[in-house]
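A short write-up of the structure that comes next.
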Amino acid sequence: MKRFIAGPNDAGVRLSRFVQSVTKDLPNSLLYKSFRNKRIKVNGKRAQPEDRLTQGDVIELYIIDEFFPAAPAAAPKVAAPKKQAVRQPKVHVIYEDENIAVLYKPTHLLCHSDRTGDANLVDAFTAYLTEKGEYDPAGENRFHPAVCNRLDRGTEGLVIAAKSYAALRDMNEIIRTDLLKKEYYTITVGIPKSGRFTAWWEHDEKLNKVRIHAHQDVANSRKQIITDVDVLQTAGPFALCKIGLITGRTHQIRAHLAFLGRPVLGDVKYGNRKMNERTGTKTQALCAVRISFLDIPEENTLHYLTGKVIKLKDPAILQQFSALDKNA
Numbered sequence: 002m003k004r005f006i007a008g009p010n011d012a013g014v015r016l017s018r019f020v021q022s023v024t025k026d027l028p029n030s031l032l033y034k035s036f037r038n039k040r041i042k043v044n045g046k047r048a049q050p051e052d053r054l055t056q057g058d059v060i061e062l063y064i065i066d067e068f069f070p071a072a073p074a075a076a077p078k079v080a081a082p083k084k085q086a087v088r089q090p091k092v093h094v095i096y097e098d099e100n101i102a103v104l105y106k107p108t109h110l111l112c113h114s115d116r117t118g119d120a121n122l123v124d125a126f127t128a129y130l131t132e133k134g135e136y137d138p139a140g141e142n143r144f145h146p147a148v149c150n151r152l153d154r155g156t157e158g159l160v161i162a163a164k165s166y167a168a169l170r171d172m173n174e175i176i177r178t179d180l181l182k183k184e185y186y187t188i189t190v191g192i193p194k195s196g197r198f199t200a201w202w203e204h205d206e207k208l209n210k211v212r213i214h215a216h217q218d219v220a221n222s223r224k225q226i227i228t229d230v231d232v233l234q235t236a237g238p239f240a241l242c243k244i245g246l247i248t249g250r251t252h253q254i255r256a257h258l259a260f261l262g263r264p265v266l267g268d269v270k271y272g273n274r275k276m277n278e279r280t281g282t283k284t285q286a287l288c289a290v291r292i293s294f295l296d297i298p299e300e301n302t303l304h305y306l307t308g309k310v311i312k313l314k315d316p317a318i319l320q321q322f323s324a325l326d327k328n329a
């Protein structure tokens with residue numbers, strides 16, 4: 002039997018989700034069988050999958066140990082040399098309150114950890130909160146600080162991070178219901194038309210590459226994308242553009258602009274290789290510069306963000322464009 006006490010970040014969590022988060026490789030069939038057989042209890046009483054936890058609840062799981070993460074093994078007397086821990090970068094905070102933070106992510110930094118084990122924004126933010134005393138990993142059953150939106154590794158700019166489960170849940174709801182507007186600056190090779198553009202998006206997950214089409218397919222498997230383009234300045238063959246995302250899909254800006262024949266400067270996946278080499282641009286000229294919150298419902302704990310605008314001051318992409326303008 003394993004016993005847990007619900008903490009502040011477990012309050013409001015569906016019990017079935019809590020059990021899934023503290024177990025490992027537990028089949029759904031066994032999860033719901035455990036509920037039926039009264040092997041999952043809250044405060045000593047039979048519980049249901051849809052029950053919501055309250056801080057201080059005692060959760061007892063009568064589930065065999067193989068479905069729980071193994072405890073760290075004791076270190077051998079003569080330990081092999083350990084791989085040097087990844088040094089996380091210092092977090093650059095643009096805005097912060099008791100629930101969320103808006104962080105600046107530089108180019109080449111991952112948002113989440115991956116197979117490479119490289120530094121990433123989530124781990125850096127976790128270390129930042131731990132150092133401040135706002136997060137105690139040992140005191141949590143399941144919650145870890147998280148980012149609510151993500152940027153490609155090669156894209157810089159603003160990323161929203163949540164300090165608590167409630168903030169993560171409610172920010173995800175804001176994003177899901179389109180109550181948050183994101184704007185980007187980009188430099189294109191070629192000058193696009195200003196306006197709103199619609200196309201159809203198809204993602205090859207194996208290659209992690211997107212294809213954009215003018216029309217939906219017969220099977221209706223493609224997803225619609227809508228991108229706003231506003232040309233701010235031009236310099237020879239280049240344009241500085243403000244981009245608004247009406248939909249937000251993987252690689253949308255980069256792939257959609259390439260489909261329109263005006264790719265992002267420096268983009269190695271969808272861009273103009275010759276122009277990238279000619280200008281010496283080795284990373285995509287794309288920056289998330291502005292986040293605006295719309296009318297958030299009062300029942301959302303982040304309602305106080307209604308009307309708030311968070312901007313990145315003096316983004317480096319403006320200096321990058323100025324340099325191109327001088328050489329155009």
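Using the working numbering, the first residue of the sequence shown is number 2, and each one after it goes up by one.
Using N, Cα and C, we set each Cβ at its ideal position, and we do this for glycine too.
A quick note: this is a predicted structure, and the numbers were derived from the prediction, not measured.
Do residue j and residue i have their beta-carbon atoms positioned less than 9 angstroms apart in this structure?
i, j, result
"Leu111", "Asn100", "no"
"Gly45", "Glu61", "yes"
"Ile297", "Thr307", "yes"
"Ala167", "Gly13", "yes"
"Thr282", "Gly262", "no"
"Arg197", "Ile227", "yes"
"Tyr271", "Val232", "no"
"Ile292", "Lys224", "no"
"Ile311", "Tyr129", "no"
"Val230", "Ile244", "yes"
"Leu181", "Val148", "no"
"Leu313", "Gly140", "no"
Does residue i pass the burial test, meaning 16 or more other C-beta atoms within 10 Å, or should it be called exposed?
i, result
"Thr199", "exposed"
"Ile6", "exposed"
"Thr117", "exposed"
"Ile213", "buried"
"His252", "buried"
"Ile65", "exposed"
"Ala71", "exposed"
"Lys106", "buried"
"Pro193", "buried"
"Ser323", "exposed"
"Lys327", "exposed"
"Glu51", "exposed"
"Pro146", "buried"
"His93", "exposed"
"Ser35", "buried"
"Leu208", "exposed"
"Thr131", "exposed"
"Thr178", "exposed"
"His113", "exposed"
"Asp58", "buried"
Among the options, which one has its Cα closest to the Cα of residue i?
i, options, result
"Lys42", "Leu258, Lys25, Thr178, Val20", "Val20"
"Lys91", "Ala125, Pro70, Ile64, Ala102", "Ala125"
"Asn150", "Asp98, Thr156, Val160", "Val160"
"Phe260", "Glu203, Tyr136, Arg37, Leu31", "Glu203"
"Ala102", "Asp115, Val123, Asp119, Gln89", "Val123"
"Gly237", "Met276, Asp218, Asp205", "Met276"
"Ile176", "Lys309, Phe294, Leu31", "Phe294"
What residues in its chain sit with their C-beta under 7 angstroms from that of residue i, if we drop five residues either side in the sequence?
i, result
"Arg143", "Asp11, Phe19, Ser22, Val23"
"Pro316", "Tyr186, Cys288, Val290"
"Asn332", "Lying before the first or after the last residue shown, residue 332 is absent from the chain, which here runs from 2 to 329."
"Gln321", "Ile188, Ala286"
"Met2", "Glu61, Leu62, Tyr63"
"Phe69", "Lys3, Thr24, Lys25"
"Ala81", "Only weak support exists for where Ala81 lies, its pLDDT of 49 falling under 50; the value from the coordinates is given anyway. Nothing meets the Cβ criterion."
"His216", "Trp201"
"Glu135", "Lys164"
"Lys39", "Arg47"
"Gln89", "Ala120, Asp124, Ala125, Ala128"
"His257", "Phe198, Ala200, Ile213, Ile226, Thr228"
"Tyr33", "Pro50"
"Leu152", "Lys106, Cys112, Gly158, Val160, Ala289"
Quick one: residues in its chain with C-beta nearer than 8 angstroms to the C-beta of residue i, no 5 flanking neighbours on either side, listed in chain order?
i, result
"Arg279", "none"
"Gln234", "Ala240, Leu241, Phe322, Asp326"
"Gln109", "For clarity, residue 109 is His in the given sequence; the question names Gln instead. Counting only Cβ-Cβ distances below 8 angstroms, and skipping sequence neighbours, we find Arg154, Gly155, Thr284."
"Gln56", "Ala7, Gly8, Pro9, Asp11, Ala12"
"Ala16", "Looking at the sequence provided, one finds Leu at residue 16 rather than Ala. The answer, listed in chain order, is Ile41, Val43, Ala48, Gln49, Pro50, Glu51, Asp52, Arg53, Leu54, Ile60."
"Asn29", "none"
"Asp137", "Thr131"
"Arg250", "Trp202, His204, Val211, Lys224, Ile226"
In chain order, what residues of the same chain have a beta carbon less than 6 angstroms from the beta carbon of residue i, not counting five sequence neighbours either side?
i, result
"Arg4", "Glu61"
"Arg255", "Val265, Asp268, Tyr271"
With respect to 8 angstroms, is the separation between the Cβ of residue i and the closest non-hydrogen atom of the ligand ADP below this value?
i, result
"Phe68", "The ligand content of the structure shown is nil, which means the ligand ADP is not present either."
Are any of the Cβ atoms in chain D nearer than 9 angstroms to that of residue i?
i, result
"His109", "Among the chains in the structure shown there is no chain D, since it carries only a single protein chain."
(message) Pairs of beta-carbons, one from the stretch 164 to 177 and one from the stretch 296 to 312, closer than 8 angstroms: are there three or more?
(response) By the Cβ test, the stretch 164 to 177 is in contact with the stretch 296 to 312, since at least three Cβ pairs between them sit closer than 8 angstroms.
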